[in-house]
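Its first residue numbered 1, the sequence shown is counted upward by one per residue in full-length UniProt numbering.
Using N, Cα and C, we set each Cβ at its ideal position, and we do this for glycine too.
Since the model is a prediction, treat every value here as computed from it, not as a measurement.
As structure tokens, the structure follows; a few thoughts come after it.
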Amino acid sequence: MSGVTVICPNSHRCTVKVTPSTLLRKVLEEACLKQGYDVDAYELKHQNRTLDGALPFRLTGLPNNATVEMTPISRITVSNDVDIALQLPDGSRKLHRLSNELTLLDVLAVFSVEFGRDLIHIDEGSVPVCAFMNAEYRGEAELSMTTLKSMGISNGRSLIRYSAQKVSEEELRMIEQRVAEEKARKEKLSVGFDIRKAENQQRLEMERQREEEFTRQYRKNEEMTVREHVEPGHSSTTSDRELSTAASSSTGRSEESSKLPARSSTSDSTHTAVAAEHSTRRLERLQLLLSDVNTSLNSNIGNLRAEHLLNENGRIAVDSRAAPNSVASQHGTDQSANFKIANTSSGRSEAEMRPSVESRVCTAKCDRRMMIVRKDVEASQSAVPTSNIDDKFFELSVHDAQSLQKDLREEVRAYEQRALLPREFVAQRNRELKEAAYRHTVIRFQLPDKTTIQALFLSQEPVSHIYEFIEQNLHSGGKSFDLCFALNQRIPNDSKKTLIDTDLAPSSTVFVRFYERTNDYASLFSNATFTEATQEEANNVSKEWLSTNAIYRRYDPRVSEESRASQVATKRQSDEVSHYSAPATRRFPSPSATAPKWFKKM
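What follows is the structure, encoded as structure tokens:
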């Protein structure tokens, strides 16, 4: 028999023995009774997945000896109405809305009125049986103890199958014995439930008081910090006044001793304020330093060398008074000018130094050169009969295997030589390369009647321009539509994203989906604004417009072979130096000790 470990809110682990047919609701009930928690206020979760209490253990997908967590539910439902459908042996069923607090015996009493027959008291020697989720509940005693909530039915709809089975006296005794054992088990678990529940409430009250005390102390410290920044001379004036008062009123040893605590507390508060202000300044300088480093990485300009940022101890020199002097003494006056953190980037935040996405969106429009291509006519004129492809075409040849192996080796080499660069930096570099390569974009709009509309765009235009293009050329602008890719993936109508951001550049085919069932192009668009052309003419215009684009190559953040070779050589040289510099303290065994007996001299 396997078990399930339940982690309770009080950090206790409760192990519950389960069988494949044990309901998770019973696991939750046993854990709550052992630790003093309300069953209706908690639920079981496994890897942030809520478990259904109505499922048996075999259908939950949990492994043996699994560990689940008992977490409080967002809304406590003491009583909830559910839809119960009762099915009779002849297949007829009826639906009724009942409370999940009712027992199965009460449910049968309600449905007895619905069906017009007594479902509880049947022939002598037969007992009513209710089946739910491969579990059977037999006899009036077991039906009167089993509630819908204990079966795991908390919401939604559930189907219960009813039947009448003949049982012997021995089976009746076994049913009564099972009911008595279940009742005894619950009574045993309920012993000490009130005591553990009171302990849990006391623990929660202590945690709440600690949180309130921590919040109060945190706010008090913040107010003191703000007050010290607003009134910087207050602490010094107070300390001077107290020191002068202590000096003038030194009439006895007792009075001097009474003034010492006040003096020490004042000095401590002054020291704390100075330390807090110093740490705040260091954090501000460090933030400015990080902003300069990010700017240097984004612009790909090495104006901030790593050796300029470190002092003699190997720490980052963020102090504005010590850093320039140390750098100037090592690298001269010209190189130390790059490390003036307080002057070079004062007043600029990190978000301002990064290039914003909205600033790259181009609001200008080009000549669309709108063209219509009739796909049905072109397909009928240039239809080429397709022949069956031989199966040998799909077989893997030696050349194909060598090509695949070469690609895999190149992929592994790229992963091994990949530089340690942030993902955002690589994405930003790829975006810049796309913007430099893709200047123009050609978009073809596919209509429901297989008519294609071709239009020219700039790659920096927002996505909202393609929606405006369709709206402006419609007969009536009130028709709703969507622009989608081939797999019904909707293109968002966003004015802050460019055609490059949505992968529409440099050329794409977009499908126009109207909400109304209109398949006629003539009823949607006006022919006066478009020029009819063949497929070849549209291809020539597209080729001419895309001729200004360059080839896009993704940014490959690899470490160069020269640097790798130099690193390997340096490591080999250091290993050789460490090997030859070590004293030769190892003594090799003599030949006579390792040689065989027949080889030794007699």
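- F57 is the residue among D83, A180 and F57 whose C-alpha sits nearest the C-alpha of N134.
- Of the candidates H440, F425 and F525, the residue whose Cα lies closest to the Cα of P448 is F525.
- Contact between P89 and S163 is confirmed by a C-beta separation of about 5 Å, below the 8 Å threshold.
- Closest option to A131, judged by alpha-carbon separation, among I160, D118, D556 and A141: I160.
- The stretch 96-104 makes no contact with the stretch 58-68, as fewer than three CB pairs between them are under 8 Å.
- Selection S144, G192, L189 and K149 evaluated against I175 yields S144 as nearest (Cα-Cα).
- By the neighbour-count criterion, in which a residue is buried when 16 or more other Cβ atoms sit within 10 angstroms of its Cβ, V6 is buried.
- Annotation: Q202 to E187 spans about 24 Å, alpha carbon to alpha carbon.
- Contact annotation: the stretch 490-501 touches the stretch 455-465, with at least three C-beta pairs closer than 8 Å.
- By alpha-carbon distance to R554, the top candidate from V39, V510, E432 and L288 is E432.
- E43 and A401 have their alpha carbons spaced roughly 54 Å apart.
- Counting along the chain, L55 sits inside no beta strand (DSSP E), nor does DSSP assign it H or E at all.
- Counting every other CB atom within 10 Å of its CB across the protein chains shown gives A533 a total of 16 or more, marking it as buried.
- Counting only runs of 3 or more residues that sit fully inside the stretch 459-517, the beta strand (DSSP E) segments are 481-484 and 507-514, in chain order.
- For S163, the uninterrupted beta strand (DSSP E) run begins and ends at R157 to K166, by DSSP.
- Residue burial is scored here from C-beta neighbours: A198 has fewer than 16 other C-beta atoms within 10 angstroms and is therefore classed as exposed.
- DSSP places Q87 inside the beta strand (DSSP E), whose first and last residues are D81 to Q87.
- A straight line joining the alpha-carbon of F214 with that of E222 spans about 12 Å.
- Nearest in C-alpha terms to S542, of all of Q217, P506 and V559, is P506.
- Less than 8 Å divides the Cβ of A41 from the Cβ of I73.
- N80 has its alpha-carbon roughly 54 Å from the corresponding atom of H475.
- In terms of CA proximity to R413, V559 leads the group S11, V293 and V559.
- DSSP, read as helix, strand or coil, puts I195 in helix.
- At the C-beta level, V39 and E29 come within 8 Å of one another.
- For K17, the beta-bridge partners assigned by DSSP are G3.
- Within the model, the alpha-carbon separation for R173 versus L189 is close to 24 Å.
- DSSP places I73 in no beta strand (DSSP E); its state is neither H nor E.
- Judged by their CB atoms, R196 and Q428 are not nearer to each other than the 8 Å cut-off.
- T71 has its alpha-carbon roughly 30 Å from the corresponding atom of E136.
- Of the residues Y467, S154 and L458, the one whose Cα lies closest to the Cα of T548 is L458.
- In this structure, Q446 is the residue among R208, V442 and Q446 with its C-alpha nearest to the C-alpha of A486.
- By the C-beta density criterion, H440 is buried, having at least 16 other C-beta atoms within 10 angstroms.
- Taking C-beta atoms as the reference points, I443 and S508 count as a pair closer than 8 Å.
- With distances taken between CA atoms, V4 lies nearest to T15 out of N10, T15 and S11.
- Shortest Cα-Cα distance from E536 to any of V373, G91 and L504 involves V373.
- One thing to note: G152 has its Cβ no nearer than 8 Å to the Cβ of L288.
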